[in-house]
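Presented below is the structure to which this report refers.
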Amino acid sequence: MVQTASLFNQLLHHFPRIEFGALVKETKAERHARGFTCWAQFVSMLFCHLAHADSLRIICNGLSCCLGKLKHLGISEAPSKSGLAYANQHRPAALFQQLFWKALERFRSQSMLGPTQKPFRFKNKLLLLDSTTISLCLSLFPWAEFKKVKGGVKAHVLLDHDDYMPQFIHFTAASHPDVKAAHALLVQRGSIVAMDRAYIDYDLWAKWITRGVYFVTRLRRDLTIKVIEERSVPKNRNIQRDQLISLSSVQGQKECPFPLRRIEVWNSEQQETIVLLTNHLSFGASTIADIYRQRWQIEVFFKTLKQNLKIKTFVGTSENALLIQIWTALIAMLLLRWLHFLSKRNWSFSNLAALLRMNLFTYRDLKEWLDDPLGTPPLGPQQLQLDLR
Numbered sequence: 011m012v013q014t015a016s017l018f019n020q021l022l023h024h025f026p027r028i029e030f031g032a033l034v035k036e037t038k039a040e041r042h043a044r045g046f047t048c049w050a051q052f053v054s055m056l057f058c059h060l061a062h063a064d065s066l067r068i069i070c071n072g073l074s075c076c077l078g079k080l081k082h083l084g085i086s087e088a089p090s091k092s093g094l095a096y097a098n099q100h101r102p103a104a105l106f107q108q109l110f111w112k113a114l115e116r117f118r119s120q121s122m123l124g125p126t127q128k129p130f131r132f133k134n135k136l137l138l139l140d141s142t143t144i145s146l147c148l149s150l151f152p153w154a155e156f157k158k159v160k161g162g163v164k165a166h167v168l169l170d171h172d173d174y175m176p177q178f179i180h181f182t183a184a185s186h187p188d189v190k191a192a193h194a195l196l197v198q199r200g201s202i203v204a205m206d207r208a209y210i211d212y213d214l215w216a217k218w219i220t221r222g223v224y225f226v227t228r229l230r231r232d233l234t235i236k237v238i239e240e241r242s243v244p245k246n247r248n249i250q251r252d253q254l255i256s257l258s259s260v261q262g263q264k265e266c267p268f269p270l271r272r273i274e275v276w277n278s279e280q281q282e283t284i285v286l287l288t289n290h291l292s293f294g295a296s297t298i299a300d301i302y303r304q305r306w307q308i309e310v311f312f313k314t315l316k317q318n319l320k321i322k323t324f325v326g327t328s329e330n331a332l333l334i335q336i337w338t339a340l341i342a343m344l345l346l347r348w349l350h351f352l353s354k355r356n357w358s359f360s361n362l363a364a365l366l367r368m369n370l371f372t373y374r375d376l377k378e379w380l381d382d383p384l385g386t387p388p389l390g391p392q393q394l395q396l397d398l399r
């Protein structure tokens, strides 16, 4: 069978035009628009990430080179630099924000990101909380001033450990404290949040404890505590101490008067002792240590996003254009996660992104290409000839 749709076209099929049109109407994104549609803008920005285009010129020229194949993507012609720049500056980034969450919800409901990973026996939802700063040139992004000679924005992310995709994302100025963003989270009762020392806040802990949310974090040395009970530790494990404690400072007793748990874990790789704090009093100490160890997965998520998609360099300098580029990068990340799960080939995420970059307009069945990307594509209709000899 001859495949008459490019790989890029087959990826776009996972964003129904009816659903996209409803979001456009809801956000009023095409108000006063002339010619250049929001769908064309979406295709252009998705091409920016998947093709690793560094500028508006490369996006527009790259699509212009594929002029005969654009109608299959739902656009009649390649965008102009000025048209794409204007759309990124003025059309609401909320359109692509809502598109990402809608698509993520659909992918999860259809198990398109793989089976739920269960490295632990407990049934609690495990979430990973952290933030990452996206550095910007202050002369080009004066609205994002962070330091005297540096600009930046911060992405606060709550990652679902089941599929390593976000449950919550919030963008702020780079100087915005992580704890303030954490206070805005609506975490489901029974969930476990693994986080680093940036989220040490008595009021936040008390709020989560009263709501039935568990947390595991790393303890600061300057935190004053009172030991209530010394618990037994497992033999032949890396657990050095397990204590039931309470906060002994005046502020701690006032804001968080709840029993907590202090666990000392020996890190053989770094040759140091890590002190953990949690409000979960029944899990084994080794389980708590393993939960905190999983926090590293959110660092992997940030690294994967920045290395494989266009997050370090931007094609627009306004705040709206930057947010559009980040949200479309997350949409591209969602597609790559799905492709990585779908393929039977055991290749790395970066290799998948690199090979797809060179084959966006290859006419092959997507599943066949994933399993055999270096195979010979089928002949197109124009290549088939009848041999009468």
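Mapping the sequence shown onto this note's numbering, position 218 (from 1) lands on 228, and the numbers just tick up by one. For every residue, glycine included, the Cβ atom is placed at its ideal position computed from N, Cα and C.
| task | Check whether the stretch 272–287 touches the stretch 244–254, counting contact only when three or more Cβ pairs, one atom from each stretch, lie closer than 8 angstroms. | result | The stretch 272–287 vs the stretch 244–254: in contact.
| request: Measuring alpha carbon to alpha carbon, tell me which of A216, I301, S258, A295 ends up nearest C266. | output: Looking up residue 266 in the sequence shown gives position 256. Ranked by Cα distance from C266, the first of A216, I301, S258, A295 is A216.
| task | Using the Cα positions of C76 and V53, report the straight-line distance between them to the nearest angstrom. | result | The residue given as residue 76 occupies position 66 in the sequence shown. The residue given as residue 53 occupies position 43 in the sequence shown. Approximately 13 angstroms, taken between the alpha carbons.
| Beta bridge counterpart(s) of D170 as assigned by DSSP | Here residue 170 refers to the residue found at position 160 when the sequence shown is read from its first residue. DSSP lists L137, M175 as partners of D170.
| message | Using C-beta distances below 7 angstroms, list every residue in its chain close to L315, excluding the 5 sequence neighbours before and after it, in chain order. | response | The residue given as residue 315 occupies position 305 in the sequence shown. Here the set comprises I321, A339, M343.
| field | Through-space distance from F156 to S328, alpha-carbon basis | value | The residue labelled residue 328 in the question sits at position 318 within the sequence shown. The residue labelled residue 156 in the question sits at position 146 within the sequence shown. If you draw a straight line from the Cα of S328 to the Cα of F156, it comes to about 16 angstroms.
| query | DSSP puts A165 in a beta bridge; with which residues? | reply | On the sequence shown, position 155 is the one that residue 165 refers to. DSSP, once it has assigned bridges, lists T142, F181 as partnering A165.
| Taking C-beta to C-beta, are L362 and L349 nearer than 9 angstroms? | Counted from its first residue, the sequence shown places residue 362 at position 352. Counted from its first residue, the sequence shown places residue 349 at position 339. Yes, Cβ-Cβ distance for L362 and L349 is below 9 angstroms.
| field | Cβ-Cβ distance between S119 and A191 below 9 angstroms | value | Here residue 119 refers to the residue found at position 109 when the sequence shown is read from its first residue. Here residue 191 refers to the residue found at position 181 when the sequence shown is read from its first residue. Between S119 and A191, the gap from beta carbon to beta carbon reaches 9 angstroms or more.
| task | Evaluate L22 with the Cβ neighbour count: other Cβ atoms within 10 Å of its Cβ, from every protein chain shown; 16 or more gives buried, anything less gives exposed. | result | As a position in the sequence shown, residue 22 is number 12, starting the count at 1. Classification for L22: buried.
| query | Smallest Cα separation from I235: which of R272, D211, G200, N98? | reply | Looking up residue 235 in the sequence shown gives position 225. Checked all of R272, D211, G200, N98; the closest Cα to I235 is R272.
| Residue interval of the alpha helix (DSSP H) (run including D381) | If you number the sequence shown from 1, residue 381 lands on position 371. Element bounds for D381: 376–381.
| task | Could you check what DSSP says for Y373 in three-state terms: helix, strand or coil? | result | Numbered from its first residue, the sequence shown carries residue 373 at position 363. In the three-state DSSP reduction, Y373 falls in the coil class, being neither helix nor strand.
| Hey, I298 and P269 are a contact pair by Cβ (cut 8 angstroms); roughly how many whole angstroms apart? | Sequence index remark: in the sequence shown, residue 298 carries index 288 (1-based). Sequence index remark: in the sequence shown, residue 269 carries index 259 (1-based). That belief does not hold up - the Cβ atoms of I298 and P269 are roughly 15 angstroms apart, past 8 angstroms.
| query | Pick from T37, G78, S90, H59: whose alpha carbon is nearest that of N71? | reply | As a first step, residue 71 is located in the sequence shown; it is residue number 61 there, counting from the start. It is S90 whose Cα lies nearest to the Cα of N71.
| Cα separation between A103 and G84? | Residue mapping note: residue 103 aligns to position 93 of the sequence shown, counting from 1. Residue mapping note: residue 84 aligns to position 74 of the sequence shown, counting from 1. Whole-angstrom Cα-Cα distance: 21 angstroms.
| request: Could you name each continuous alpha helix (DSSP H) segment of 4 residues or more that falls completely within the stretch 210–269, going from the start of the chain to the end? | output: Correct list: 212–220, 260–265.
| query | Would you report the Cα separation of Q317 and V260, rounded to the nearest angstrom? | reply | Locating residue 317 in the sequence shown gives position 307, counting from the first residue. Locating residue 260 in the sequence shown gives position 250, counting from the first residue. Their backbone Cα atoms lie some 45 angstroms apart in a straight line.
| query | Span of the alpha helix (DSSP H) holding I334? | reply | Here residue 334 refers to the residue found at position 324 when the sequence shown is read from its first residue. Per DSSP, I334 belongs to the alpha helix (DSSP H) from 329–352.
| task | Compute the beta-carbon to beta-carbon distance between R221 and R199, rounded to the nearest angstrom, for a pair I have assumed lies under 8 angstroms. | result | Taking the first residue of the sequence shown as 1, we reach residue 221 at position 211. Taking the first residue of the sequence shown as 1, we reach residue 199 at position 189. With 8 angstroms as the limit, R221 and R199 qualify as a contact, their Cβ atoms being about 6 angstroms apart.
| query | Leaving out the 5 sequence neighbours to the left and right, which residues in its chain are closer than 7 angstroms to M55 when beta-carbon positions are compared? | reply | Looking up residue 55 in the sequence shown gives position 45. Residues I334, Q335, T338 of the same chain have their beta carbon placed closer than 7 angstroms to that of M55, with the five preceding and five following residues left out of the count.
| request: Could you give the DSSP three-state label for E274: helix, strand or coil? | output: Taking the sequence shown and counting its residues from 1, one reaches residue 274 at position 264. Three-state DSSP puts E274 in a strand.
| query | Is it buried or exposed for H166, if we count other Cβ within 10 angstroms and need 16 for buried? | reply | Reading the sequence shown from its first residue, position 156 is the one you call residue 166. The residue is buried, with at least 16 neighbouring Cβ atoms inside 10 Å.
| query | In the DSSP assignment, what residue or residues form a beta bridge with K160? | reply | Translated into positions along the sequence shown, residue 160 becomes position 150. K157, per the DSSP bridge assignment.
| said: Check this for me: beta carbons of K112 and L196, under 9 angstroms apart or not? | reply: Translated into the one-based positions of the sequence shown, residue 112 becomes position 102. Translated into the one-based positions of the sequence shown, residue 196 becomes position 186. Taking 9 angstroms as the Cβ cut-off, K112 and L196 do not qualify as a contacting pair.
| message | In this structure, how does DSSP classify E282 when only helix, strand and coil are distinguished? | response | Mapped onto the sequence shown, residue 282 falls at position 272. Of the three classes helix, strand and coil, the one that applies to E282 here is strand, per DSSP.
| query | Can at least three beta-carbon pairs, one atom from the stretch 130–144 and one from the stretch 202–209, be found at a separation below 8 angstroms? | reply | Touching, per the Cβ criterion.
| Residues near L398 in its chain [Cβ-Cβ closer than 7 angstroms; skip 5 each side] | Counting from one through the sequence shown, the residue named residue 398 turns up at place 388. For L398, the predicted model reports a pLDDT of 48, less than 50, meaning its position is unreliable; a value from the coordinates is still stated below. Excluding positions up to five away in sequence, the list is empty.
| message | Just to confirm my understanding: we take A364, look at its own chain, exclude 5 residues before and 5 after, and list those with CB closer than 6 angstroms. What are they? | response | Position 354 of the sequence shown, counted from the start, is the residue given in the question as residue 364. Cβ-Cβ distances below 6 angstroms link A364 to nothing in the same chain once the five nearest sequence neighbours on each side are left out.
| query | Taking DSSP as the reference, what is the three-state secondary structure of V12? | reply | The residue you call residue 12 lines up with position 2 of the sequence shown. With a pLDDT of 46 at V12, under the threshold of 50, the modelled position of that residue is not reliable, and no figure is offered here.
| Near C58, which residues of its chain fall below 6 angstroms by C-beta distance, leaving aside the five closest residues on each side in sequence? | One-based indexing of the sequence shown puts residue 58 at position 48. Residues of the same chain with a CB within less than 6 angstroms of the CB of C58, apart from the 5 flanking positions on each side, are I69, K320 in chain order.
| task | Confirm, please, whether the CB-CB distance from R367 to H100 is below 9 angstroms. | result | Position 90 of the sequence shown, counting from 1, holds the residue named residue 100. Position 357 of the sequence shown, counting from 1, holds the residue named residue 367. At the C-beta level, H100 and R367 stay beyond 9 angstroms of one another.
| So the alpha helix (DSSP H) A97 belongs to, where does it begin and stop? | By 1-based counting over the sequence shown, the position of residue 97 is 87. Its alpha helix (DSSP H) spans residues 91–100.
| task | Would you kindly report the start and end of the unbroken alpha helix (DSSP H) that includes I69? | result | Reading the sequence shown from its first residue, position 59 is the one you call residue 69. It spans 66–74 - the alpha helix (DSSP H) in which I69 sits, taken as one unbroken run.
| task | Enumerate in chain order the residues of its own chain whose CB-to-CB distance from A97 is below 7 angstroms, with the five nearest sequence positions on each side excluded. | result | In the sequence shown, counting from the first residue as 1, residue 97 sits at position 87. Contacts found: F46, Q51.
| field | Cα-Cα separation, F311 to T288 | value | Taking the first residue of the sequence shown as 1, we reach residue 311 at position 301. Taking the first residue of the sequence shown as 1, we reach residue 288 at position 278. Looking at the two C-alpha atoms, the distance is approximately 24 angstroms.
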